[in-house]
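Novice: Chains as they are written, first to last, in the working numbering: chain A, 77 to 411; chain B, 36 to 327. Don't be surprised by glycine CBs; every beta carbon is placed ideally from N, CA and C. Please find one structure pasted underneath; my questions will follow.
And the structure:
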């Protein structure tokens with residue numbers, strides 16, 4: 077899936093080719109470009125969009141572990157983002173804990189939820205799993221919405237303090253951008269390392285043929301549970317950063333819209349690749365902002381985009397690259 | 036525990052449950068025959084409620100005619116959706132189908148918001164304000180109608196699947212599509228009619244429940260979630276399972292809402308499926324492939 081060879085990309089906006097040997101130059105170029113982007117952006121609004129892009133890229137990369145590598149569709153991922161966001165927000169506003177401690181705790185709490193929910197839901201596969209995760213997501217949403225004593229219900233939590241690390245406070249877009257960018261690069265690298273590791277090969281084997289993988293000694297249930305828990309932990313951390321950056325969270329963060337958004341990002345970008353979710357997040361945030369005037373029509377566009385991608389471009393946008401390269405290679409450079 | 040209150044809760048639960056059964060029957064038929072998990076099913080429920088509303092306000096039709104017209108129009112829309120999206124994808128991976136049905140759901144829900152506006156509406160029904168006393172239990176006539184119409188429709192659907200020629204073709208397709216095609220069954224036609232039946236049931240359910248609640252363009256989410264819970268609990272593809280699971284969910288939600296907490300009522304329903312699935316991962320009534 078992600079092992080097709082491509083030449084260095086020369087640093088496109090999302091130039092982090094997934095698991096490609098020989099793409100190191102493109103990778104470095106892409107990372108460098110991502111690093112200087114805030115200076116090119118020039119104004120606070122664009123910098124804010126860059127932060128949102130990276131946040132969605134981080135969340136999409138975590139969902140991609142489930143959709144792309146485990147081959148299961150989770151409709152409850154936004155709930156774990158919400159669990160992370162609420163954990164860190166509650167710890168910092170009600171207990172006065174420094175957000176830096178809240179951040180890993182958000183990941184741990186989200187992972188614990190992931191462990192329990194995954195343990196129950198991963199007994200079934202395919203559509204049933206997708207529906208079960210939707211049900212679990214709805215439970216978490218309903219509880220968050222009604223447990224007013226803890227979460228303030230639909231009013232949400234406001235005045236969440238920004239993250240700080242020693243003398244650095246991540247209050248502004250630019251600092252937050254670098255923090256999230258670093259996390260995206262780390263997670264991207266981990267995904268890359270994962271795909272090439274024994275565990276990652278077990279993931280792929282389970283995705284392609286679970287009974288065969290089981291017959292080769294892979295514990296299918298444990299493998300899937302591991303992937304699910306890791307994905308939910310990353311989602312929790314991403315949610316916590318979102319909460320400290322935006323400073324206000326409501327139960328809507330767990331809602332159906334956010335679930336659909338994350339799935340759209342992963343599928344439109346290209347599931348099972350590393351560049352895909354990052355590119356998909358760019359497309360999503362770009363369209364979200366440029367179509368802001370269109371109002372409700374926006375979601376219609378996204379829905380059409382999702383359906384269109386699934387039907388006409390199952391590999392997502394990143395597969396355009398290999399599609400475009402493919403024929404020219406085959407014909408020996410002839411037009 | 037007060038017996039009157041308890042009986043009232045049970046009656047309310049059975050009425051809600053019957054509406055769930057109506058939604059879930061369509062979902063389970065589509066899954067059984069077409070092997071499609073249709074996320075857009077709830078949107079046909081929403082369309083049914085809205086078309087009934089507009090047929091009543093704009094065309095000035097009476098409630099019953101408006102509801103039937105709504106169901107027929109939505110059934111036709113369902114056929115169109117099947118022809119445009121699901122039929123061309125029938126040989127594709129289940130992921131593709133699941134994701135495209137999610138896309139369709141978002142498309143219909145947001146187009147609905149665009150066309151109908153986001154503000155809630157009330158479906159007018161002559162039965163909504165009339166009260167009927169059955170023993171100690173008090174129900175509005177509309178809620179009695181929900182229950183009665185749902186029972187009648189479900190019996191008709193059951194007899195149709197069981198004894199009609201077309202029902203036999205549906206069951207044959209559910210058991211083995213290739214084998215059914217070999218014996219001369221027009222699979223495309225079976226798919227179309229099954230979709231029409233399922234969407235018509237969803238729309239009818241929307242038209243029946245509409246007058247008892249507010250309607251807004253996002254109720255499809257709610258409907259499909261309830262439908263899925265029932266279908267998963269009963270076993271995908273099982274009509275009998277949908278009946279028992281739907282009534283069970285309705286009653287448990289009603290009792291949970293009455294005796295524990297109204298706010299957490301929904302969560303209690305979801306918690307129930309999880310308990311069931313830990314015990315029977317494929318649902319209460321799951322057996323081999325086919326319609327039951």
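1. Using a C-beta to C-beta distance shorter than 9 Å, which residues of chain B count as neighbours of residue 170 (chain A)?
2. Looking at the secondary structure, which residues open and close the alpha helix (DSSP H) in which residue 359 (chain A) lies?
3. At 7 Å on the CB atoms, spell out the chain A contacts of residue 279 (chain B), in chain order.
4. Looking at the C-beta of residue 229 (chain B), does it have a partner C-beta in chain A at a distance below 7 Å?
5. Taking any Cβ of chain A, which residues in the segment 154-188 of chain B have a Cβ under 7 Å from it, in chain order?
6. Strictly below 7 Å CB to CB, what residues from chain A border residue 151 (chain B)?
7. For the segment 184-191 of chain A against the segment 275-285 of chain B, do three or more pairs of beta-carbon atoms, one drawn from each stretch, fall closer than 8 Å, so that the two count as touching?
8. Between B:147, B:125, B:243, B:58, which lies nearest to residue 375 (chain A) when the distance is taken from Cα to Cα?
9. Three-state secondary structure (DSSP) at residue 346 (chain B)?
10. Does the segment 242-250 of chain B come close enough to the segment 101-116 of chain B that 3 or more CB-CB pairs lie under 8 Å?
11. Taking residue 168 (chain B) as part of the alpha helix (DSSP H), name the residues at either end of that continuous run.
12. Kindly say whether residue 97 (chain A), judged by its beta-carbon, lies nearer than 7 Å to any beta-carbon of chain B.
13. Give me the residue from A:308, A:218, A:380, A:381 with the minimum Cα distance to residue 143 (chain A).
14. Between the segment 106-123 of chain B and the segment 286-304 of chain B, can you find at least three pairs of beta-carbon atoms closer than 8 Å?
15. So is residue 262 (chain A) buried or exposed if we call it buried at 16+ other beta carbons inside 10 Å?
16. Using a Cβ-Cβ cut-off of 7 Å, state whether residue 316 (chain B) counts as contacting chain A.
17. Need the endpoints of the beta strand (DSSP E) that residue 175 (chain B) sits in, please.
18. Based on Cα-Cα distance, which residue from B:224, B:226, B:233, B:53 lies nearest to residue 106 (chain B)?
19. So is residue 220 (chain B) in contact with chain A if we call contact Cβ pairs under 7 Å?
20. What is the DSSP secondary structure of residue 316 (chain B), reduced to helix, strand or coil?
21. If you follow the alpha helix (DSSP H) that residue 252 (chain A) is part of, which residue opens it and which one closes it?
22. Using a Cβ-Cβ cutoff of less than 8 Å, which residues in the same chain neighbour residue 120 (chain B) once the five nearest sequence positions on both sides are dropped?
23. If the cut is a Cβ gap below 8 Å, which residues of chain A does residue 146 (chain B) touch?
24. With 7 Å set as the bound, which would you pick, yes or no: does the beta-carbon of residue 203 (chain A) sit closer than that to a beta-carbon of chain B?
25. Tell me whether the beta-carbon of residue 88 (chain B) lies closer than 7 Å to the beta-carbon of residue 160 (chain B).
26. Between which residues of its own chain and residue 83 (chain A) is the CB-CB distance below 6 Å, once the five residues before and five after are set aside?
27. Exposed or buried, which one is residue 278 (chain A) when buried takes at least 16 other CB atoms within 10 Å?
28. Excluding the 5 residues preceding and the 5 following residue 303 (chain A) in the sequence, name in chain order all residues of the same chain whose CB lies nearer than 7 Å to its CB.
29. Looking at the strands, I want to know which residues DSSP matches up with residue 325 (chain A).
30. Would you list, in chain order, the members of the segment 59-73 of chain B that have their beta-carbon closer than 7 Å to a beta-carbon of chain A?
31. Contact between the segment 202-219 of chain A and the segment 301-321 of chain B is defined here as three or more beta-carbon pairs at a separation below 8 Å; is this criterion met?
Specialist: Let me lay it out:
1. As a position in the first chain, residue 170 (chain A) is number 94, starting the count at 1. Within chain B, no residue comes near residue 170 (chain A); the closest Cβ sits about 21 Å away, beyond 9 Å.
2. Taking the first chain and counting its residues from 1, one reaches residue 359 (chain A) at position 283. Run containing residue 359 (chain A): 351-366, per the alpha helix (DSSP H) assignment.
3. Residue 279 (chain B) sits at position 244 when you count from the first residue of the second chain. Here the premise fails: no neighbours, minimum Cβ distance about 18 Å.
4. Counting from one through the second chain, the residue named residue 229 (chain B) turns up at place 194. Not an interface residue.
5. none
6. Residue numbering aside, residue 151 (chain B) sits at position 116 when the second chain is read from its first letter. The premise fails here: residue 151 (chain B) is roughly 10 Å from chain A at the closest Cβ pair, so nothing lies under 7 Å.
7. no
8. What you label residue 375 (chain A) is simply residue 299 of the first chain in a count that begins at 1. Among B:147, B:125, B:243, B:58, the Cα nearest to that of residue 375 (chain A) is on B:147.
9. It is not possible to answer for residue 346 (chain B), since the shown part of chain B is limited to 36 through 327.
10. yes
11. Indexing the second chain from 1 puts residue 168 (chain B) at position 133. Per DSSP, residue 168 (chain B) belongs to no alpha helix (DSSP H); it is in the beta strand (DSSP E), 166-169.
12. Mapped onto the first chain, residue 97 (chain A) falls at position 21. Below a pLDDT of 50, predicted positions are generally treated as unreliable, and residue 97 (chain A), at 49, falls in that range; no measurement from the model is reported.
13. Counting from one through the first chain, the residue named residue 143 (chain A) turns up at place 67. The option with the nearest alpha carbon to residue 143 (chain A) is A:308.
14. no
15. On the first chain, position 186 is the one that residue 262 (chain A) refers to. Looking at its Cβ environment, which holds fewer than 16 other Cβ atoms inside 10 Å, residue 262 (chain A) is exposed.
16. As a first step, residue 316 (chain B) must be located in the second chain, where it is residue number 281. Answer yes: the Cβ-Cβ gap between residue 316 (chain B) and chain A drops below 7 Å somewhere.
17. Counting from 1 along the second chain, the entry for residue 175 (chain B) is found at position 140. Its beta strand (DSSP E) spans residues 172-175.
18. Against the second chain, residue 106 (chain B) aligns to sequence position 71. Selected option, being the one with the closest Cα: B:233.
19. Position 185 of the second chain holds residue 220 (chain B). Cβ-Cβ to chain A under 7 Å: no for residue 220 (chain B).
20. Along the second chain, read from residue 1 onward, the residue named residue 316 (chain B) stands at position 281. If DSSP states are grouped into helix, strand and coil, residue 316 (chain B) belongs with coil.
21. In the first chain, the residue the question calls residue 252 (chain A) occupies position 176. From DSSP, the alpha helix (DSSP H) with residue 252 (chain A) extends over 249-271.
22. For this step, residue 120 (chain B) is matched to residue 85 along the second chain. Correct list, in chain order: 135, 136, 139.
23. In the second chain, the residue the question calls residue 146 (chain B) occupies position 111. Here the neighbours are 376.
24. To locate residue 203 (chain A), count along the first chain from 1; it is residue 127. Taking Cβ atoms only, chain B reaches closer than 7 Å to residue 203 (chain A), which makes this a yes.
25. Indexing the second chain from 1 puts residue 88 (chain B) at position 53. Indexing the second chain from 1 puts residue 160 (chain B) at position 125. No; because the gap between Cβ atoms is not below 7 Å, this pair is not in contact.
26. Locating residue 83 (chain A) in the first chain gives position 7, counting from the first residue. In this prediction, residue 83 (chain A) has a pLDDT of 38, which is less than 50 and means its spatial position is unreliable; what the coordinates show is noted afterwards. Excluding positions up to five away in sequence, the list is empty.
27. As a working mapping, residue 278 (chain A) is identified with position 202 in the first chain. Flag for residue 278 (chain A) reads buried.
28. Counting from one through the first chain, the residue named residue 303 (chain A) turns up at place 227. Hits under 7 Å: 141, 142, 145, 146, 279.
29. Along the first chain, read from residue 1 onward, the residue named residue 325 (chain A) stands at position 249. A:233.
30. 72
31. yes
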